[in-house]
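Quick note on numbering: the working numbering labels position 173 of the sequence shown as 197, and the sequence is numbered without any gaps.
For each residue, glycine too, the CB sits at the ideal point set by N, CA and C.
A short write-up of the structure that comes next.
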Amino acid sequence: MTGINIGVKNIAAAVVKGGQVKLISRREFNNDLIKTREDAEIFLDDFCTACVISLSNNININKDNITRLARSAGINNIKIISELDAVSCYIENNFKNLNRALIIDVGAGAAKLNVLELEPDSYRLIEGAVIDSVSGNKFDALIAEWLAYLKPDAARDEKFLLAEAARLKTCLELKLDKLDNIFKLNIYKEDIERLIKFQVRELAHSARRLNAMHRPDKIFVTGGMSKLPILKSELKDILGSADILFSNEDIILSGTALYAAKQDCANVNANANINVKALRDIKLKLVALEYLLNRSQKDRLNNIFDRAERGIANLNLIKSLADELQKAANYYE
25 MTGINIGVKN
35 IAAAVVKGGQ
45 VKLISRREFN
55 NDLIKTREDA
65 EIFLDDFCTA
75 CVISLSNNIN
85 INKDNITRLA
95 RSAGINNIKI
105 ISELDAVSCY
115 IENNFKNLNR
125 ALIIDVGAGA
135 AKLNVLELEP
145 DSYRLIEGAV
155 IDSVSGNKFD
165 ALIAEWLAYL
175 KPDAARDEKF
185 LLAEAARLKT
195 CLELKLDKLD
205 NIFKLNIYKE
215 DIERLIKFQV
225 RELAHSARRL
235 NAMHRPDKIF
245 VTGGMSKLPI
255 LKSELKDILG
265 SADILFSNED
275 IILSGTALYA
285 AKQDCANVNA
295 NANINVKALR
305 DIKLKLVALE
315 YLLNRSQKDR
325 LNNIFDRAER
335 GIANLNLIKS
345 LADELQKAAN
355 YYE
């Protein structure tokens, strides 16, 4: 089963294959799951009709809308979990003897700090904090404002400035002193880091408070901004001897994929046991309506029936397809 994480800006999918978490795709999130489902089907060479979705707390979309998006994309069996559910699953799978952990997630929307008490197959949130001033979007805005000051004639094109700011921010991860830019200005790495240093220190001091109060066994730092050298150095300086893991992988996405792998596929696809007679009846109905399908739809339909006859397709999916075709036939008549 595929694990999907939906964040403020991006949607990413991963799956556990051969005991390892494999990234399937990472795209900009445009309220659409169809492309992600197609990416998963290409990667798996199989249909993707079930998944686990973890949602960012900062995303402005509710679970009902996510369910509708998934079903409109052809994913009928979904389970929606929180990002903390995904993180606890990741920790349980990779760090067996931890009792308490501090999670620092620095993404596009905001920095989230959560202290978790870990138990087998569960967790308890002890304390959490959100720092709105520390995020990829806020860093982009600060850099864009500075660029507008340096280049006043470009200040009117806000989207262009934000795009260039995001690119410069990404360059901070590289071992470069001078940063190339579209304006041909002399911009150095330390100039950009100076702009965001106050916000990064605010995050580090909040982490120090939580670390001193709750004494976690390990501190996990994840999210797109966690790769910034200035953030790593400030956290190391202020947290001192604390055990910090700066993960090279996306902990939340990996945890979502691991959570998906743990699900009992027999329960998630409980209605996948096909009644042979019902399947044949539906197939006869669809064959009579074949003229409404193009070649790719016919191929997909034949694949669905092939899987159904082997007991691994969803009967409700086929029924709904038959009903839709019948409605279309009635319309044309």
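Within the same chain, Ile30, Gly31 and Val32 come within 7 Å of Ile83 by CB-CB distance, once the 5 residues on both sides are set aside.
In the pairwise beta carbon analysis, the stretch 134-146 is classified as touching the stretch 155-169: at least three pairs are separated by under 8 Å. The beta carbons of Leu282 and Val40 sit closer together than 8 Å. A distance below 8 Å between beta-carbons, with the five flanking residues on each side excluded, links Asn235 to the following residues of its chain, in chain order: Leu126, Ile243, Leu263 and Ala266. In this structure, Ile104 is the residue among Arg61, Ile104 and Ala74 with its C-alpha nearest to the C-alpha of Asp88. Counted as a single uninterrupted DSSP element, the alpha helix (DSSP H) harbouring Asn118 occupies residues Glu107 to Asn118. Remark: C-beta atoms of Tyr212 and Leu203 approach each other more closely than 8 Å. In the DSSP secondary-structure assignment, Cys75 is bridged to Thr26 and Ile102. Straight-line spacing of the CA atoms in Ile254 and Ala172 works out to 23 Å. Here Glu52 has Lys33, Asn34 and Ile35 as same chain residues with Cβ atoms under 8 Å from its own Cβ, once five neighbours each way along the sequence are excluded.
Judged by DSSP secondary structure, Ala36 falls outside any alpha helix (DSSP H) and instead within the beta strand (DSSP E) spanning Asn34 to Lys41. The beta carbon of Asn123 sits closer than 8 Å to the beta carbons of Glu141, Leu142 and Asp241 from its chain, once the five residues preceding and following it are set aside; these are given in chain order. Within the same chain, Leu186, Ala189, Ala190 and Lys193 come within 7 Å of Asp164 by CB-CB distance, once the 5 residues on both sides are set aside.
By the criterion of a C-beta distance shorter than 7 Å, Leu149 is surrounded in its chain by Leu108, Asn138 and Leu140, once the five residues flanking it on both sides are discounted. In the DSSP annotation of this structure, Phe270 is not part of any alpha helix (DSSP H); the continuous beta strand (DSSP E) holding it starts and ends at Ile268 to Phe270.
Taking the Cα positions, Gly152 is about 10 Å away from Ser230. Taking 4 residues as the shortest admissible run, the stretch 123-211 contains the following complete alpha helix (DSSP H) segments, listed from N- to C-terminal end: 160-174 and 182-195. For the pair Ala94 and Ile85, the CB atoms are not nearer than the 8 Å cut-off. The DSSP-derived three-state label of Gln44 is strand. Using a 10 angstroms sphere on the CB of Phe71, the tally of other CB atoms reaches 16 or more, which defines it as buried. Per the coordinates, the alpha-carbon of Ala228 lies some 13 Å from the alpha-carbon of Met249. About 5 Å separates the Cβ atoms of Ser278 and Val45, confirming a contact at the 8 Å cut-off. Per DSSP, the continuous alpha helix (DSSP H) segment holding Ile90 begins and ends at Lys87 to Ser96. In this structure, DSSP gives Phe244 an extended state, which the three-state scheme calls strand.
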